[in-house]
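The sequence shown begins at 4 in my numbering and counts up by one.
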Amino acid sequence: MIIEGAKPNVIKSAKLSSCFPISPLALSNLAKKPSKKSRNAPKIMQVEAKVKLPPKAKRIAKIPNTKFPKVIRLGMCLNMLKKYDICYAIIQKMFRKLLLCLISALFLVLSWPPSGFPFLIFGAFVPLFFILKDLQKKKYVFVYSLLIFALWNTFTTYWIYNATLFGAVAAVCVNSILMASVMTMFIWLKSKFNDRRVWWALISLWLSFEYLHLNWDLSWPWLTLGNVFAHYPQSIQWYEYTGTLGGSLWILLANISLFHSIKNKSKYLLSTTVIAFPILFSLLINTKNEAGKVVEIVVVQPNIDPYFEKFDDLTSMQQLEKFIVLAESKLDSSTNYLIGPETAIVDGVWENKIENSPEIQRLIQLIEKYPQLNIILGAITYKAYSKTDKIPKTARQFAGSDAYYDVFNSAIQINTSEISVYNKSKLVQGVEFTPFPALLGNLEFLAIDLGGITGSLGTQDYREVFESKSAQIAPIICYESIFGEFISQYVRNGADMFSIITNDGWWKDTPGYKQHLNYASLRAIECRRAIARSANTGVSAFIDSKGIITNATQWDEEIVIKGRLETNTTQTIYVRFGDYIGRISAFIAVMFLCFALAKRN
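This is the structure:
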């Protein structure tokens, strides 16, 4: 809107928009009626309403002069237009930020296994970084970050609800809040260190968060960034040096370098190098391991529904007989190992007198037919404590007695020499144990019922290795297989091969069981150990020391597979030093926080 006739000395009205300069003379002329002389003279003011007014402003403009002075009417129109433009600008900026949030979340979701496009992860954080750059109020950092991470967590781990709705909601909420908190802390540090060094604070904070998520009661490392390449093991052979946290570091560096390239409109040489070099190194790396013994293994997938059959319709002995019938279709005199799934024996077996169990006696009969055979399978076991034993916090009291016992989710090995037992030690929070029992002890009723067994299960401190003449096998049970440093302890204790026994039927036919299989490839690369994997239903498979999956079964399939794997006795850098990247990152993050607090004081 252009107002002519004003003196050069123009002032800005406090009520009107600063975009519309009006002089005092122009305002007074609007309020006066023109004289006879001025009627024929050129108009003092000419208003060109080229801007489309909102409806309310139009109604104000139509008010008769006698009821509303021109100057006030014009002022209200301009003020309304100012508010209209400001609201439109705010909405436009908000829409842009929401669109960037959706793009970031979409890239994260589409990059994830099992059938994602993992290289989208290299740009997934860039939209978020642009949002953080433009935000003027720090309180919105958490809101926009939370939206992105909540969408990512929901669409990649929604399948948890099949087992426990409360667990699914808790996993999404807690993980999203922790991730958003990392971004909030980063922006706070950015206000203290306004230079490029602060990006190392973001890297150290994020890696510290992932390291924490591997080592506390609320552990949920399913969405550790380095896991994203589990479906493409050829590109991450260097994980034997760094573990998955090395992959997370790679992803963060790539996103930060790409963000700066786009923001500064510079060449993409740095970001391209950051992305390409580890892949080329992976393709060129020498992954040939020392030649070990060849072990012949039979893996059984009995396909028993965990909700309706395993703990209700079929007895423990019926399930075991089904397992044996399937196994004997592939067993012969050259078979070294027979591996069955988690909780293949559902009736509790007392560890103190394990040889007296009917199920164990039946398996011993099978061993007598195949003397060279070693049987590994899962079982629910009990252990009674004497008065001289130290009673753990998870122990339960016998009814009407002062004696105690514990319940375990265990793996058992049976051969002609001995019966060995390992108790699962990385338990699923909210399902197999209650995190922070002093605070959340009343939530034990939410746990899955394993045939009448609920509440916190027992664990053991030592990573047991099942020894035999054929191999030294690590008995990894289900959820344990996503913890790299935890698994490396088996190798340090002498394991030259891995077995993973699991029951992925809890998650039904969703991406959950496929992701779980792919994560096993990461453990194979980190430790350079071959893996025989037996699942109650989908997916059983063999995995070589390079993470390549073979003989993979289908979901909801009753099947037996047979294969050969090589043992390996070398120790990788990762096996020897574990998650050293996480520990170093935690130290750097603490130093940044200390310097920031000192600077504040």
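Here a beta-carbon is modelled for each residue, glycine too, at the ideal position from N, C-alpha and C.
Here the structure is a predicted model, which means the values were calculated and not measured.
Can you tell me where the beta strand (DSSP E) holding residue 424 begins and where it ends?
Here the question's residue 424 lines up with position 421 in the sequence shown. Counting along the chain, the beta strand (DSSP E) containing residue 424 begins and ends at 422-426.
Beta-carbon within less than 6 Å of residue 396's beta-carbon, same chain only, minus the 5 sequence neighbours each way: which residues are those?
Residue mapping note: residue 396 aligns to position 393 of the sequence shown, counting from 1. Excluding positions up to five away in sequence, the list is empty.
Check whether the Cβ atoms of residue 538 and residue 309 lie closer than 8 Å to each other.
Reading the sequence shown from its first residue, position 535 is the one you call residue 538. Reading the sequence shown from its first residue, position 306 is the one you call residue 309. No.
Residue 576 to residue 232 span [Cα, whole Å]:
The count along the sequence shown starts at 1 and reaches residue 576 at position 573. The count along the sequence shown starts at 1 and reaches residue 232 at position 229. C-alpha separation (whole angstroms): 20 Å.
Residue ranges of each beta strand (DSSP E) within the region 333-359, 3 or longer:
340-342, 348-353
At what residues does the alpha helix (DSSP H) containing residue 282 begin and finish?
For the purposes of this step, residue 282 is identified with residue 279 of the sequence shown, where counting begins at 1. Counting along the chain, the alpha helix (DSSP H) containing residue 282 begins and ends at 272-287.
Backbone CA spacing between residue 417 and residue 589 [nearest angstrom]
In the sequence shown, counting from the first residue as 1, residue 417 sits at position 414. In the sequence shown, counting from the first residue as 1, residue 589 sits at position 586. Between the C-alpha atoms of residue 417 and residue 589 there is a straight-line separation of about 43 Å.
Sheet register partners of residue 432 (DSSP bridge):
In the sequence shown, the residue the question calls residue 432 occupies position 429. According to DSSP, which records beta bridges pairwise, residue 432 is partnered with 436.
With three or more beta-carbon pairs closer than 8 Å as the criterion, would you say the region 555-566 touches the region 353-365?
With fewer than three CB-CB distances shorter than 8 Å, the region 555-566 does not count as touching the region 353-365.
Residue 390 in three-state terms, based on DSSP:
Mapped onto the sequence shown, residue 390 falls at position 387. Note: residue 390 maps to coil in three-state DSSP.
Here's the rule I'm using: 16 or more other beta-carbon atoms within 10 Å means buried, otherwise exposed. How should residue 41 be labelled?
On the sequence shown, position 38 is the one that residue 41 refers to. Interpretation of residue 41 is limited by its pLDDT of 48, a score under 50 that renders its predicted location unreliable; no figure is taken from the coordinates.
Around the C-beta of residue 33, are 16 or more other C-beta atoms found within 10 angstroms, so that it is buried, or is it exposed?
Within the sequence shown, residue 33 is the residue found at index 30, counting from 1. Residue placement at residue 33 cannot be trusted, given a pLDDT of 43 that sits under 50; what the coordinates show is reported in the next sentence. Buried, since its Cβ has 16 or more Cβ neighbours within 10 Å.
Using 8 Å as the cut-off, can you tell me whether the region 324-344 makes contact with the region 422-433, which would need three or more C-beta pairs spanning the two stretches below that distance?
no
By alpha-carbon positions, which one of 544, 551, 571 ends up nearest to residue 304?
On the sequence shown, residue 304 is found 301 positions in, with the first residue counted as 1. Selection 544, 551, 571 evaluated against residue 304 yields 544 as nearest (Cα-Cα).
Measuring straight from C-alpha to C-alpha, what distance separates residue 209 and residue 475?
Here residue 209 is taken as the residue at index 206 of the sequence shown, counted from 1. Here residue 475 is taken as the residue at index 472 of the sequence shown, counted from 1. Approximately 36 Å, taken between the alpha carbons.
Which of the three DSSP states, helix, strand or coil, is assigned to residue 572?
Here the question's residue 572 lines up with position 569 in the sequence shown. DSSP places residue 572 in coil when its eight states are reduced to three.
Could you check how far apart the C-beta atoms of residue 1 and residue 439 are, in whole angstroms? I think they sit under 8 Å.
The requested residue 1 does not occur in the structure, where the chain is confined to residues 4 to 604.
Closest to residue 504 by CA distance: which of 378, 147, 311, 492 is it?
Along the sequence shown, read from residue 1 onward, the residue named residue 504 stands at position 501. Of the listed residues, the one whose Cα sits closest to residue 504 is 378.
Which of the three DSSP states, helix, strand or coil, is assigned to residue 469?
For the purposes of this step, residue 469 is taken as the residue at position 466 of the sequence shown. Correct three-state label for residue 469: strand.
Three or more C-beta pairs closer than 8 Å, one from the region 164-172 and one from the region 293-302: is that the case here?
no
Alpha helix (DSSP H) containing residue 523: first to last residue?
Counting from one through the sequence shown, the residue named residue 523 turns up at place 520. Where residue 523 is concerned, the enclosing alpha helix (DSSP H) stretches over 514-530.
In the DSSP assignment, find the beta strand (DSSP E) that holds residue 304 and state where it starts and stops.
The sequence position of residue 304 within the sequence shown is 301, counting from 1. Where residue 304 is concerned, the enclosing beta strand (DSSP E) stretches over 297-304.
Taking residue 478 as part of the beta strand (DSSP E), name the residues at either end of that continuous run.
Position 475 of the sequence shown, counted from the start, is the residue given in the question as residue 478. From DSSP, the beta strand (DSSP E) with residue 478 extends over 475-480.
So is residue 557 buried or exposed if we call it buried at 16+ other beta carbons inside 10 Å?
Counting from 1 along the sequence shown, the entry for residue 557 is found at position 554. Residue 557 is exposed by the Cβ-count criterion.
Is DSSP giving residue 146 helix, strand or coil here?
Taking the first residue of the sequence shown as 1, we reach residue 146 at position 143. Helix.
Using only the alpha-carbon positions, how far apart do residue 171 and residue 383 sit?
In the sequence shown, residue 171 corresponds to position 168, counting from 1. In the sequence shown, residue 383 corresponds to position 380, counting from 1. Each residue's Cα considered, the two are about 25 Å apart.
Classification of residue 515 by the beta-carbon crowding that lies within 10 angstroms, buried from 16 upward:
Here residue 515 is taken as the residue at index 512 of the sequence shown, counted from 1. Residue 515 is buried by the Cβ-count criterion.
Please return the same chain residues whose Cβ sits closer than 6 Å to the Cβ of residue 606, not counting the five positions on each side in sequence.
Past the boundaries of the shown model lies residue 606; the chain is included only from 4 to 604, so the question cannot be answered.
What residue from 402, 323, 147, 288 has the CA that sits closest to residue 105's CA?
Translated into the one-based positions of the sequence shown, residue 105 becomes position 102. For residue 105, the nearest C-alpha among the options comes from 147.
I need the boundaries of the alpha helix (DSSP H) containing residue 212, first residue and last residue.
Here residue 212 refers to the residue found at position 209 when the sequence shown is read from its first residue. That run of the alpha helix (DSSP H) goes 201-215.
Option nearest residue 282 by Cα separation, candidates 262, 264, 253, 297
The residue you call residue 282 lines up with position 279 of the sequence shown. Measuring from the Cα of residue 282, the nearest candidate turns out to be 253.
Give me, in chain order, the residues of the same chain whose beta-carbon lies closer than 7 Å to that of residue 508; leave out the 5 immediate sequence neighbours on both sides.
Position 505 of the sequence shown, counted from the first residue, corresponds to residue 508. Excluding sequence neighbours, residue 508 sits near 308, 309, 539, 540.
Element boundaries [alpha helix (DSSP H), containing residue 490]:
Taking the first residue of the sequence shown as 1, we reach residue 490 at position 487. Taken as a continuous stretch (DSSP letters only), the alpha helix (DSSP H) holding residue 490 covers 487-495.
If we ignore side chains and look at the alpha-carbon of each, how far apart do residue 584 and residue 493 end up?
Here residue 584 refers to the residue found at position 581 when the sequence shown is read from its first residue. Here residue 493 refers to the residue found at position 490 when the sequence shown is read from its first residue. If I take the Cα positions, the gap works out to 20 Å.
Since residue 179 and residue 156 should fall inside the 8 Å C-beta cutoff, what is the C-beta to C-beta distance between them, to a whole number of angstroms?
Residue numbering aside, residue 179 sits at position 176 when the sequence shown is read from its first letter. Residue numbering aside, residue 156 sits at position 153 when the sequence shown is read from its first letter. In this structure residue 179 touches residue 156 by the C-beta definition: roughly 5 Å separates them, less than 8 Å.
Rank 154, 302, 128 by C-alpha distance to the C-alpha of residue 554 and give the top, closest one.
Here residue 554 refers to the residue found at position 551 of the sequence shown. Closest by C-alpha distance to residue 554, out of 154, 302, 128, is 302.
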